[in-house]
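K.L.:
In the numbering used here, each number is its position in the sequence shown, counted from 1, plus 588.
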Amino acid sequence: MESVSRVASAARLAGLAGIGLFALGPFAIQLGLASPFVGFRIFGLGLLAGLAALVLGLIGIATTRAASARAGRAHALTGLLLGIVVVACVAFAARPGIGVPAINDITTDPSDPPAFSDPGKSYPGAEFAEAQRAAYADLAPIPFEGPPDAAFAASLAAAQELGWEIASQDAEDGTFEATDTTVIFRFVDDVSVRVRPDAGASKVDLRSKSRDGKGDLGANAARIRAFRDALASG
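(1) Using 8 Å for Cβ pairs, my map puts V779 next to R795. What's the rounded Cβ distance?
(2) Out of A739, F764, I812, state which residue places its alpha-carbon closest to the alpha-carbon of K834.
(3) Enumerate, from N- to C-terminal direction, the unbroken alpha helix (DSSP H) stretches of 4 or more residues contained entirely within the stretch 726-757.
(4) Using three-state DSSP, classify V688 as helix, strand or coil.
(5) What are the boundary residues of the beta strand (DSSP E) that P701 is part of?
(6) CA-CA distance, D758 and S699?
(7) Tell me the DSSP bridge mates of F764?
(8) If you draw a straight line from the C-alpha of P712 to the C-alpha of A722, how long is it?
(9) L646 and G667 - do their beta-carbons sit closer together than 7 Å?
(10) Tell me whether the stretch 623-633 and the stretch 591-602 touch, counting them as touching only if at least three CB pairs, one residue from each stretch, are closer than 8 Å.
(11) At which residues does the alpha helix (DSSP H) containing S798 begin and terminate?
(12) Can you give me the C-alpha to C-alpha distance between T695 and R782, rounded to a whole angstrom?
(13) Since I believe P729 is in contact with D793 (beta carbons under 8 Å), could you give me their beta-carbon distance rounded to a whole number of angstroms?
(14) So, at 8 Å on beta carbons, what are the nonlocal neighbours of I754 in its own chain, with the 5 sequence-adjacent residues on each side left out?
(15) Comparing C-alpha positions only, which one of I812, T769, A719 sits nearest to A690?
(16) Indicate the three-state DSSP secondary structure (helix, strand or coil) for T666 in the structure shown.
(17) How big is the Cα-Cα spacing for F610 and F773?
(18) Output the distance between the C-alpha atoms of A664 and P701, rounded to the nearest integer angstrom.
(19) Return yes when the Cβ of A602 is within less than 7 Å of the Cβ of A650, no when it is not.
(20) Count the other CB atoms, across all protein chains shown, that sit within 10 Å of the CB of I607; report buried if there are 16 or more and exposed otherwise.
Right under this line is the structure:
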């Protein structure tokens, strides 16, 4: 009986581990068995295992090419395919973040961003503002054809339509804060909305800030655009 290539066996094991960890991280978060940070780390380990499976699978296929060394080729192919699945899924999910800067605090007005009531969430400053202007030139104060009280009510309704959880609101000041929880990893991001009068009408400014990580893969800008669209269609 031919001995199975160790590399091929390792590729298969790495592929199975990659798929398992890849699914376990988000699943544990959804069940409340792991925090978003821990679940994301488990997911990351799945990606590493998937990459290892891909590399080991290629090596395993190469080393089992000869007729005398075919034992284990199926294991190598299994590892390679599982590795490709893991890496392809991550690449597809990360696609929106390609080319965006590693910043996680986005606003419609970098020169005067809406504030949060928590002083620990102060705006990072000029470096973020410059990076945002270069990457998200379409983000600007949102005009609203109506008085500030109508703009505030419409903004609140748009936030609720998007599923944001309203944390606090001050209609007199024209501000409210909310949180938005991501679907897969349950990361909680903070949003501050400010309504001000503007030339007989109103303007609405937003600031969306991630609590975790240094970059956001474009998620905060996407959130602001979704709000802008919801407000326009409301």
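C-beta: ideal position from N, C-alpha, C; glycine also. All values reported here derive from a predicted model rather than from experimental measurement.
P.N.:
Looking at the coordinates:
(1) Position 191 of the sequence shown holds residue 779. Position 207 of the sequence shown holds residue 795. Here V779 really is in contact with R795; their C-beta atoms are around 7 Å apart, less than 8 Å.
(2) The structure shown does not extend to residue 834, since the chain is modelled only from 589 to 822, so the question has no answer here.
(3) Taking only runs of at least 4 residues, the alpha helix (DSSP H) segments lying wholly in the stretch 726-757 are 736-749.
(4) Translated into positions along the sequence shown, residue 688 becomes position 100. In this structure, V688 counts as coil in the three-state DSSP scheme.
(5) Sequence index remark: in the sequence shown, residue 701 carries index 113 (1-based). For P701, no beta strand (DSSP E) run applies, since DSSP gives it neither H nor E.
(6) One-based indexing of the sequence shown puts residue 758 at position 170. One-based indexing of the sequence shown puts residue 699 at position 111. About 23 Å.
(7) Counting from 1 along the sequence shown, the entry for residue 764 is found at position 176. Within the DSSP bridge table, the entry for F764 names Q757, V781 as partners.
(8) Taking the sequence shown and counting its residues from 1, the one referred to as residue 712 is at position 124. Taking the sequence shown and counting its residues from 1, the one referred to as residue 722 is at position 134. Pairing P712 with A722, the inter-Cα distance amounts to about 16 Å.
(9) Residue 667 sits at position 79 when you count from the first residue of the sequence shown. Residue 646 sits at position 58 when you count from the first residue of the sequence shown. In this structure, G667 lies away from L646, with their beta-carbon atoms at least 7 Å apart.
(10) As far as the Cβ criterion goes, the stretch 623-633 does not touch the stretch 591-602, which means the pair count is below three.
(11) The residue labelled residue 798 in the question sits at position 210 within the sequence shown. In the DSSP annotation of this structure, S798 is not part of any alpha helix (DSSP H); the continuous beta strand (DSSP E) holding it starts and ends at 789-798.
(12) For this step, residue 695 is matched to residue 107 along the sequence shown. For this step, residue 782 is matched to residue 194 along the sequence shown. Straight-line Cα distance between these residues: approximately 11 Å.
(13) The residue labelled residue 793 in the question sits at position 205 within the sequence shown. The residue labelled residue 729 in the question sits at position 141 within the sequence shown. With 8 Å as the limit, D793 and P729 qualify as a contact, their Cβ atoms being about 5 Å apart.
(14) Within the sequence shown, numbered from 1, the residue matching residue 754 stands at position 166. A distance below 8 Å between beta-carbons, with the five flanking residues on each side excluded, links I754 to the following residues of its chain, in chain order: L744, A747, Q748, F764, E765, A766.
(15) Residue mapping note: residue 690 aligns to position 102 of the sequence shown, counting from 1. With distances taken between CA atoms, A690 lies nearest to A719 out of I812, T769, A719.
(16) By one-based count along the sequence shown, residue 666 stands at place 78. Three-state DSSP puts T666 in a helix.
(17) Taking the first residue of the sequence shown as position 1, residue 610 is located at position 22. Taking the first residue of the sequence shown as position 1, residue 773 is located at position 185. Going by the C-alpha atoms only, they are around 12 Å apart.
(18) Within the sequence shown, the letter at position 76 stands for residue 664. Within the sequence shown, the letter at position 113 stands for residue 701. Distance between A664 and P701, taken at the CA atoms: about 53 Å.
(19) Here residue 650 refers to the residue found at position 62 of the sequence shown. Here residue 602 refers to the residue found at position 14 of the sequence shown. Contact flag unset, no.
(20) As a first step, residue 607 must be located in the sequence shown, where it is residue number 19. The Cβ neighbour count for I607, taken over all protein chains shown within 10 Å, is at least 16; the residue is labelled buried.
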